[in-house]
Amino acid sequence: AHALDGPPDQLAAELAAAASAATARGYPGRSAAYEHAAELTGVEERRTEWLAAAARHAWVSGDVPRARWLLAQPRHPLEGQAQLMRGRLELLSGHADSARDKLLTAASCLVQRDRIDGVKALLHAAEASYLTGDIRTFHAIAGQVALLRRPDDCANAQLMFEYLQGIAATFSGDHRAAAGPLRRVVRLAPAVRSPVPLVWACVASLLLGEDATALELSARAVDTARRRGAVTLVPQLLESVVQAHFWLGRYPSVAAHAAEGLRLAEASGQPNAAAQHLAWLAHADAVQGDADACRDRAHRALDLAESHGLGIAGALGTWALAHLDLAAGRLADSAARLRGHRDNDHVVVRVMASPHFIEAAARTGDDRRATAALRVLERWAGSTSSPDRRALVARCRALLAAPGEAGERFQEALELHRQGACRFETARTQLLYGGALRRERRPGAAREHLHGALETFERLGARLWSERARAELRAAGETVARPAPGGGPEQVLTAQQLRIARLVAEGATNREVAAQLFLSPRTVDHHLRNVFARLGVRSRVELARLLF
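Residue 23 in the UniProt record's numbering sits at position 23 of the sequence shown, and the numbers go up by one each step.
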């Protein structure tokens, strides 16, 4: 373009048009084309627009430093697109409140010139409010967006409007009003090609209790982003994949995808996404009974949440610690964590965590708070088509039932579990029902359910829950042998210990292992001492011989 003999502004317009029409696969090339167009033009408003476009494509391709540099260039005062990009960059790595303010400023500029761009800026501002837990501002933004809707909007725009309407109704607890817009979001998903709207459809599916659909949509979103080279989006998109696996009870998949999301988030400078992935990894650790890793990752998530204003990451980290307490039988500690303290509360996580809170509160005699939480859970689960969600409600009702009524509720929960897909929660219900039957002095009936729970927990590697099931079986009069000592590493080590042992045996230092598994070196040291003790080895050389 520089070499051609023609008016610079015409060449700039042709370059920008070529960048706009290029395939989505080449984000770095499109960024360079927009930057050259901005250099050529003498029209300041166009220069601002094209520098912002260059920054957007650099950001999506994973070149965040270059995106920041482009946004720092002198520009025309009308810079809505540039402010939108600044807000989105802040949403990745800065404070969520600051991101929200930048995005609202961008929206006020953009909505006058391009209604849909203004709506997108408002939607990102709503996302920032969601991350902080500021639901009041979220509702205010949703109200602004609703006024910008038109009957002839394209499918992508319709999906945005329906999504925000459905989420706002969900946050108000009006799940019946939310169901219609959320279902329309899912119906519109096949017509869209961009990964971000696909994730919105995934979130809508999760709220409707359609977990298999959510998993399909989130996987499609991640695959689309990867094929297009949208590197920056992948860690955020993986959060939805993790949540879909979580609701299906597939904790090994939760751990695998959260670990990948954390690695990509840290590599691309996205601490806000990293915080959520750390919290989800802590949940997987809690299920596996790895207390040190759970605390390590949960507290790292809480630290990031505090420094970046991320209410949802803080609430997820606190929930993971409460799950660990529940698995270890520390019921009062679990209930105390989930009571909704100002610094670790978030409306979405509060509802998701309510089965754990109801269990801990009911079993420590706090029926009043447990009953209040159950009413909220009932409203959500009752609006879904999910037998797994309704099974959780039936189980919680059993925990709060009068003497003689709990058995019927537990049976209802188990029947719903049989129609669902979450084997882990089925085992949790079997454990609670078996314990209730034992206390009613019906040990034979209790053992039937407890054996089923133990088998599932052992298959899933849920060590603390397995120990709880064995303890209940012993209390029901059955001698239960622990796993035989002296077996191979796979039999005597937890999944995390086995990963650490293999990395150390391959020659990695403790610090290298910590970096690779997103743990602190102190946690790795602790695990390695336990590995040596369980395997009866005294050095790394002996460990390598044993494993290889």
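For every residue, glycine included, the Cβ atom is placed at its ideal position computed from N, Cα and C.
| request: For the alpha helix (DSSP H) containing residue 154, list its first residue and its last residue. | output: Element bounds for residue 154: n/a, residue is neither H nor E.
| message | Which of the three DSSP states is assigned to residue 325 in this structure? | response | helix
| field | Contact under 8 angstroms by Cβ, residue 217 with residue 233 | value | no
| request: Below 6 angstroms CB to CB, which residues in the same chain sit around residue 436 once its five sequence neighbours on both sides are set aside? | output: 406
| request: Within the same chain, show all residues whose beta-carbon is closer than 7 angstroms to that of residue 502, passing over the 5 residues directly before and after it, in chain order. | output: 547
| request: May I have the straight-line CA-CA distance separating residue 153 from residue 190, to the nearest angstrom? | output: 16 angstroms
| query | For residue 265, which of helix, strand or coil comes out of DSSP? | reply | helix
| CA-to-CA distance, residue 33 to residue 78, given in whole angstroms | With a pLDDT of only 49 at residue 78, under 50, the local geometry of the prediction cannot be trusted, and no value is derived from it.
| query | When DSSP labels each residue in this structure, what does residue 472 get in the three-state scheme? | reply | helix
| request: Give me the Cα-Cα distance between residue 323 and residue 428, rounded to the nearest whole angstrom. | output: 12 angstroms
| field | Whole runs of the alpha helix (DSSP H) within the segment 200-271, excluding any shorter than 4 residues | value | 211-228, 234-247 and 251-267
| message | Rounding to the nearest angstrom, what Cα-Cα distance links residue 97 and residue 337 in this structure? | response | 25 angstroms
| Reduced DSSP secondary structure (H/G/I, E/B, other) of residue 20 | helix
| said: Within a Cβ cutoff of 6 angstroms, which residues of the same chain sit near residue 84, ignoring the five residues on either side of it in sequence? | reply: 106 and 121
| said: Given the structure, does residue 144 come close to the ligand GDP, in the sense that its CB is under 7 angstroms from one of the ligand's heavy atoms? | reply: Absent from the structure shown: the ligand GDP. Ligands present: none.
| task | Could you spell out the range, first to last residue, of the alpha helix (DSSP H) harbouring residue 546? | result | 540-547
| field | Chain-order list of residues whose beta-carbon lies under 7 angstroms from that of residue 550 (same chain, five-residue window excluded) | value | For the chain, the structure presents residues 1 to 548; residue 550 sits outside this window and is missing.
| query | Okay, do the segment 160-173 and the segment 191-211 touch, 3+ Cβ pairs below 8 angstroms being the bar? | reply | yes
| request: Thinking residue 67 and residue 55 are a contact (beta carbons under 8 angstroms), I'd like their distance in whole angstroms, please. | output: 4 angstroms
| request: Rounded to whole angstroms, what's the CA-CA distance from residue 268 to residue 509? Just pull it up for me. | output: 25 angstroms
| query | DSSP state of residue 138, grouped into three classes? | reply | helix
| query | Among 266, 297, 180 and 499, which one has its Cα closest to the Cα of residue 528? | reply | 499
| C-beta atoms of residue 87 and residue 113 nearer than 8 angstroms | no
| Who are the Cβ neighbours of residue 597 in its own chain at under 6 angstroms, not counting the five residues just before and after it? | This structure leaves residue 597 out entirely; the chain is present only between 1 and 548.
| Using the rule of at least 16 other Cβ atoms within 10 Å of the residue's Cβ for burial, across every protein chain shown, is residue 479 buried or exposed? | exposed
| Three-way DSSP call (helix, strand, coil) for residue 452 in this model | helix
| said: Measuring straight from C-alpha to C-alpha, what distance separates residue 531 and residue 101? | reply: 49 angstroms
| In this structure, does DSSP put residue 518 in helix, strand or coil? | coil
| said: For residue 205, would you say it is in contact with chain D, using Cβ-to-Cβ distances shorter than 8 angstroms as the test? | reply: You won't find chain D in this structure, because it holds only one protein chain.
| request: Taking residue 192 and residue 204 to be in contact with their CB atoms under 8 angstroms, please state how far apart those CB atoms are, rounded to whole angstroms. | output: Rounded, the Cβ-Cβ distance is 12 angstroms, inconsistent with contact.
| said: Please report the straight-line C-alpha distance between residue 305 and residue 472, rounded to a whole angstrom. | reply: 38 angstroms
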